[in-house]
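Protein chains in written order, with this note's numbering: chain A, 3 to 443; chain B, 268 to 478.
We put the beta carbon where it would ideally sit given N, CA and C, even for glycine.
Note that the structure is a prediction, hence the values are computed from the model and not measured.
Written out below as structure tokens is the structure these notes cover.
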Amino acid sequence: MRAWFRDLRRAAGRLTAGFTLVELMVAITGGLFVTIAVFMLAKQATAVYTAEARMGNATIGSVAGFERLRLDIERAGFLVTPNIQRDPNRCGDPVGNAPAWPTYLQRLQAVFIFQPAVAPTSVLTGNHIIPNEITLAGSYASSDQFPTGPVFDTSPVTIQLQTASPPMARLGYATAGSPSAQAALLSTVFGASRILRIVDTAGKEQYGKIQSVTGGDTPSITLTIDGKPPFIFRSSATGVSFKCGVPGTGERSLVNVVNLIKYSVKDMTTNAAYAPLFASPVVGSQATGATTDVGRTELVRGELDADGNVIQGSEEIVSEFAVDLAFGISYATIRAGDGGQVDSLGTIGPNSAAVSAWAGAPPWPAGQGPQLLRVVRARLSIRSRAADRLSNIPTIGDGGLPIASGLYRIGLGANGAAPFARVRTVQADIMLRNLSGVTWL
Amino acid sequence: MIAKRRAHGYTIVELLMSLSVLAIGTAGVIAMQKVAIESNRYAKNLSVATRVGEAWADELTADAQLWTYKAGVPTTLNNTDWLNNVTNLSWFRPAFSARRQFGPAFSPLGVPLDPTTQAPLAHFCVDLRLAILRPELASLPSVPTSGDGVIRAQIRVFWPRDDVTIPPSSASTANVCDAANGPGVNDQNISAYHVIYLTTTVRQPPQGRAS
Numbered sequence: 003m004r005a006w007f008r009d010l011r012r013a014a015g016r017l018t019a020g021f022t023l024v025e026l027m028v029a030i031t032g033g034l035f036v037t038i039a040v041f042m043l044a045k046q047a048t049a050v051y052t053a054e055a056r057m058g059n060a061t062i063g064s065v066a067g068f069e070r071l072r073l074d075i076e077r078a079g080f081l082v083t084p085n086i087q088r089d090p091n092r093c094g095d096p097v098g099n100a101p102a103w104p105t106y107l108q109r110l111q112a113v114f115i116f117q118p119a120v121a122p123t124s125v126l127t128g129n130h131i132i133p134n135e136i137t138l139a140g141s142y143a144s145s146d147q148f149p150t151g152p153v154f155d156t157s158p159v160t161i162q163l164q165t166a167s168p169p170m171a172r173l174g175y176a177t178a179g180s181p182s183a184q185a186a187l188l189s190t191v192f193g194a195s196r197i198l199r200i201v202d203t204a205g206k207e208q209y210g211k212i213q214s215v216t217g218g219d220t221p222s223i224t225l226t227i228d229g230k231p232p233f234i235f236r237s238s239a240t241g242v243s244f245k246c247g248v249p250g251t252g253e254r255s256l257v258n259v260v261n262l263i264k265y266s267v268k269d270m271t272t273n274a275a276y277a278p279l280f281a282s283p284v285v286g287s288q289a290t291g292a293t294t295d296v297g298r299t300e301l302v303r304g305e306l307d308a309d310g311n312v313i314q315g316s317e318e319i320v321s322e323f324a325v326d327l328a329f330g331i332s333y334a335t336i337r338a339g340d341g342g343q344v345d346s347l348g349t350i351g352p353n354s355a356a357v358s359a360w361a362g363a364p365p366w367p368a369g370q371g372p373q374l375l376r377v378v379r380a381r382l383s384i385r386s387r388a389a390d391r392l393s394n395i396p397t398i399g400d401g402g403l404p405i406a407s408g409l410y411r412i413g414l415g416a417n418g419a420a421p422f423a424r425v426r427t428v429q430a431d432i433m434l435r436n437l438s439g440v441t442w443l
Numbered sequence: 268m269i270a271k272r273r274a275h276g277y278t279i280v281e282l283l284m285s286l287s288v289l290a291i292g293t294a295g296v297i298a299m300q301k302v303a304i305e306s307n308r309y310a311k312n313l314s315v316a317t318r319v320g321e322a323w324a325d326e327l328t329a330d331a332q333l334w335t336y337k338a339g340v341p342t343t344l345n346n347t348d349w350l351n352n353v354t355n356l357s358w359f360r361p362a363f364s365a366r367r368q369f370g371p372a373f374s375p376l377g378v379p380l381d382p383t384t385q386a387p388l389a390h391f392c393v394d395l396r397l398a399i400l401r402p403e404l405a406s407l408p409s410v411p412t413s414g415d416g417v418i419r420a421q422i423r424v425f426w427p428r429d430d431v432t433i434p435p436s437s438a439s440t441a442n443v444c445d446a447a448n449g450p451g452v453n454d455q456n457i458s459a460y461h462v463i464y465l466t467t468t469v470r471q472p473p474q475g476r477a478s
């Protein structure tokens, strides 16, 4: 028994003697290999998850941005003429343009598609991408037409609003605490420098540029003092000449605001309001050390005034890392002598120069024009923030897929070279429901 | 005795068990990567398919612009590109319209394809099912104008599952939008496809309206 305890103590002594140097080196070496393997696996897994998360962001960005664009396009033409230069209900002379109308109001149209000649950044130029721009006209700030009180033929023209009307009730005008609060409330709809549409009791439309609004018991909208465009009273010499104009005192006319909404892909790095967004650029995971935020562009929604200038503070980023925006159209052709019926529908694909004959700036060929648009075919492309691919997918310019460059991948290097970021592209046709009944030429 | 066993190092069983645990862990990480990539791809396909379905809904609404009558002729659907299939009560594959540059086949980006030249690129395909909810009144000779017809349009957008191979049919290349492919008139082959459904109503425009 004593010998057994002695053997046990010796065994215990060996156990507490520690590892030999060889055992230790072998263990450390083995552990090092395992650690390296685990680290590489974790690094690779993290890289994959990061890349996929960024693609997920691109997918969400494309869907969210496209839905915003879609809703705005669907609303185009709401409570506004689809083409002021040819509208038979218009009162005034934007075509003669004398005296000079506000620049955009003079050619007001529900949908205006512009195809710039130059891309906003060298990255897009290197990838042969020049995004389109679209300007939509409609009553976006309100769904109401407000009944008027008297219209005062003063300089500037002042249009009084009825306070006891459903639109004013929906606006919450009566419950606003003071005249200044009421004016602030009114200005959320009838903002300064926006376009005002006036429909008189004869059904004729006039347009003006808003200067200001006032609250109180007799709320009013004041148009710009320069008289551009001239406001026409039926009894005036101009009214007699045009055979239209606000009759009598102008009471019981209807007014609504017209907003001009512009979507474009642009560089926002110089916009001070968004400076924090560009404060920490990302280095591409497989790039050559170049920051992949360089040359980035965003899908931007802004509001224009009656002259076509961006209203300060109205621009907002709808989708980050947008790289392309393109529009096609479907249009109606009307056969003369057929009761104003739609004879046929035709389609022009995105980026075709032929789009401008229908949705571009005036003049338009006879029988064509923006009032005959029926569908906008919109396409939006958003890239992943990181450039995680070293090669491109050949497209139509490279003898590959018959699609435009930049819809699958976009090169962030010089002249569209590697590294490449993956791109999410969505496209859909959007019906212009507010233009569906327009058949005048 | 205990000390002797420990001095012998790890047994082969212990080694295999530890390697197995490591392999399972590694396989789990790799499998999760695959799931993440496939989930992303499915999310992309789902968003594109939704846009395709919405585009079809709006194109059918636009198609109703042609649901009119010619002078002296009763109201007709013959002018339309797709709504004239309303008598077909089962799912059908709409034809490609050259004048509208729109049809059943779409690329992975949701771009409509011309099947005569771009069929192999098709990734999404569309079937329709139309039904008259309210007939057009112009079928009554006593009604001089019309504009009350309503059609219900069901839209089925489908694309093949990753583990399914689309067989070539009459065409030389496999194409999801070949006539022989798709979930079928009664959804009998639906297990081979991802499918989304949309429903909309299309209204005949009032005649001669101008706004």
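Separation of residue j from residue i, as counted between CA atoms
i                : j                   : result
tyrosine 175/A   : serine 141/A        : 19 Å
isoleucine 223/A : glycine 310/A       : 21 Å
leucine 289/B    : threonine 22/A      : 27 Å
glycine 33/A     : glycine 295/B       : 21 Å
arginine 424/A   : glutamine 368/B     : 27 Å
tyrosine 106/A   : leucine 443/A       : 21 Å
threonine 216/A  : aspartate 307/A     : 20 Å
glutamine 332/B  : isoleucine 463/B    : 26 Å
isoleucine 418/B : leucine 465/B       : 14 Å
isoleucine 313/A : glycine 369/A       : 34 Å
tryptophan 334/B : leucine 327/B       : 11 Å
glutamate 113/A  : proline 96/A        : The question names glutamate, but residue 113/A in the sequence shown is valine. Cα to Cα, the separation comes out at about 17 Å.
proline 372/A    : alanine 194/A       : 27 Å
leucine 256/A    : alanine 389/B       : 51 Å
serine 237/A     : phenylalanine 192/A : 27 Å
Cβ shell of residue i (< 8 Å), same chain only, five flanking positions each side left out
i           : result
serine 64/A : Ser321, Leu382, Ser383, Ile384, Arg426, Thr427 and Val428
Sequence-distant residues of its chain with Cβ nearer than 7 Å to residue i (five each side left out)
i                : result
asparagine 394/A : Arg411, Gly413 and Phe422
glutamate 253/A  : Thr150, Gly151 and Pro152
valine 125/A     : Gly297 and Leu414
tryptophan 528/A : Nothing in the structure corresponds to residue 528/A, since chain A is present only between 3 and 443.
aspartate 155/A  : Phe235
serine 364/B     : Asp348 and Gly370
Residue i - DSSP class collapsed to helix/strand/coil
i                  : result
isoleucine 132/A   : coil
isoleucine 313/A   : coil
arginine 367/B     : coil
proline 181/A      : helix
valine 452/B       : coil
isoleucine 297/B   : helix
arginine 70/A      : helix
leucine 465/B      : strand
serine 266/A       : strand
isoleucine 234/A   : coil
serine 458/B       : helix
leucine 392/A      : coil
glutamate 25/A     : helix
phenylalanine 41/A : helix
threonine 299/A    : coil
phenylalanine 35/A : helix
threonine 278/B    : coil
aspartate 330/B    : helix
alanine 308/A      : coil
proline 361/B      : coil
threonine 240/A    : helix
isoleucine 227/A   : coil
Neighbourhood of residue i by C-beta, 6 Å cutoff - its chain only, sequence neighbours within 5 removed
i               : result
threonine 251/A : Pro152
glycine 330/A   : Ile350, Gly351, Pro352 and Arg379
glutamate 318/A : Arg303
threonine 290/A : Note on threonine 290/A: pLDDT 46, under 50, position unreliable in the model; the coordinate value appears next. Excluding sequence neighbours, threonine 290/A sits near nothing in its chain.
glutamine 1/A   : For residue 1/A there is no data in the structure shown, the boundaries of chain A being 3 and 443.
Chain-ordered residues of the region 422-442 of chain A with a beta carbon less than 7 Å from chain B: Result list: Arg426, Thr427, Val428, Gln429, Ala430, Asp431, Ile432, Met433, Ser438, Gly439, Val440, Thr441 and Trp442.
Contained alpha helix (DSSP H) runs [length at least 4] in the region 73-128 of chain A, N- to C-terminal order: Fully enclosed alpha helix (DSSP H) runs of 4 or longer: 124-128.
Unbroken stretches of the beta strand (DSSP E), 3 residues or longer, contained in the region 140-224 of chain A: As far as the region 140-224 of chain A is concerned, its whole beta strand (DSSP E) runs of at least 3 residues are 148-154, 160-163, 197-201 and 207-216.
Cβ-based contacts, 8 Å cut-off: residues of the region 372-383 of chain B near chain A: Residues Ser374, Leu376, Gly377 and Val378.
Near-chain B residues of the region 47-71 of chain A (beta-carbon distance less than 8 Å), N- to C-terminal order: With the criterion set as a beta carbon lying under 8 Å from some beta carbon of chain B, the members of the region 47-71 of chain A are Ala47, Val50, Tyr51, Glu54, Met57, Gly58, Thr61, Ser64, Val65 and Phe68, in sequence order.
Where the region 373-401 of chain A meets chain B: residues whose CB sits under 7 Å from a CB there: Result list: Arg376 and Val377.
Contacting positions in the region 347-361 of chain A - beta carbon closer than 7 Å to chain B: Listed in sequence order: Leu347, Gly348, Thr349 and Gly351.
Contacting positions in the region 297-317 of chain B - beta carbon closer than 7 Å to chain A: Here the close residues are Gln300, Ala303, Ile304, Asn307, Ala310, Lys311, Ser314 and Val315.
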